[in-house]
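A short write-up of the structure that comes next.
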Amino acid sequence: MDVLEVVVVAFWAMLPAYVPNNAAVLAGGGPPIDGGRAWRGRRLLGDGKTWRGTAGGIAAGALLALALNAVRPSVADAVGVALPEFPLAVVVAMPAGAMAGDILASFVKRRTGRQRGAAFPGLDQLDFVALALLFSLVVAPAWTVETFWPSVLAVVVVVTPLLHVSTNAGAYALGLKDEPW
Ligand code: CTP
Ligand code: MG
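Residue 29 is where the sequence shown starts when you use the numbering used here, and the numbers rise one by one after that.
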């Protein structure tokens with residue numbers, strides 16, 4: 029694969045993990061997952077992690093993965109790149125992992141004294157990638173290794189933070205998000 033092909037595959041394969049965060053911003057609201065509970069004087073997760081946002085994020089990512097599977101043959105033909113098909117278990121695992129990563133990051137932020145919405149550079153940009161890939165690895169090890177290792181993963185780690193920063197800045201500019209990160 030040449031570099032452009034690797035970038036196309038990386039973007040395609042990560043889309044079901046990218047979309048949940050953005051969908052959660054739109055779907056969010058209602059009761060927080062931690063039910064308002066605190067641990068050692070700080071919220072467990074905070075008001076920014078809600079059941080509705082999480083469910084909406086997972087649903088959006090899974091639906092997108094199914095849609096990508098449906099259009100894959102024609103897109104692969106059109107761009108001349110062999111694109112991966114998401115196994116059914118991965119259709120759910122990647123979006124669920126992405127949301128789990130974001131939730132875990134909020135847990136870490138609260139434990140380190142960061143208020144809701146505070147930035148945590150590095151963690152904010154890669155939490156969802158790490159857990160989406162981990163979940164995928166658990167449900168479909170061979171497919172995950174074959175699809176992501178090693179060049180695609182390298183591109184994912186470099187490109188994801190750039191995409192994350194720019195989409196969040198865009199969501200902030202549109203008034204959808206409270207902070208630009
Ligand atoms: N959101 C949600 N449920 C999630 C993730 C996000 O409802 N599982 C919604 C919330 O409305 C949240 C917004 O999306 O405020 C932005 O998400 P994020 O930046 O992850 O949350 P923050 O509010 O910044 O909180 P934290 O500091 O815990 O990341
Ligand atoms: Mg935030």
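All residues carry an ideal CB built from backbone N, CA and C; glycine is no exception.
- Under the 8 Å Cβ criterion, the segment 158 to 168 does not count as touching the segment 138 to 150, having fewer than three qualifying pairs.
- The closest heavy atom of the ligand MG lies 6 Å or more from the beta carbon of Gly-89.
- In the structure shown, Thr-78 falls within a strand segment according to DSSP collapsed to helix, strand and coil.
- Sorting Phe-163, Gly-145 and Ala-126 by C-alpha distance to the C-alpha of Leu-154 places Ala-126 at the top.
- Around Phe-163, the same chain offers Ala-121, Met-122, Ala-124, Gly-125 and Ala-128 as residues with beta carbons nearer than 8 Å, after the five sequence neighbours per side are excluded.
- Arg-139: member of the alpha helix (DSSP H) spanning 116 to 139, first to last residue.
- The criterion of a C-beta distance shorter than 7 Å is not satisfied by Ala-45 and Phe-148.
- In its chain, beyond the 5 residues on either side, Pro-60, Ile-61, Asp-62, Asp-130, Ile-131 and Ser-134 have a beta carbon closer than 8 Å to the beta carbon of Lys-77.
- Note that the segment 34 to 41 touches the segment 171 to 188; at least 3 beta-carbon pairs, one per stretch, sit closer than 8 Å.
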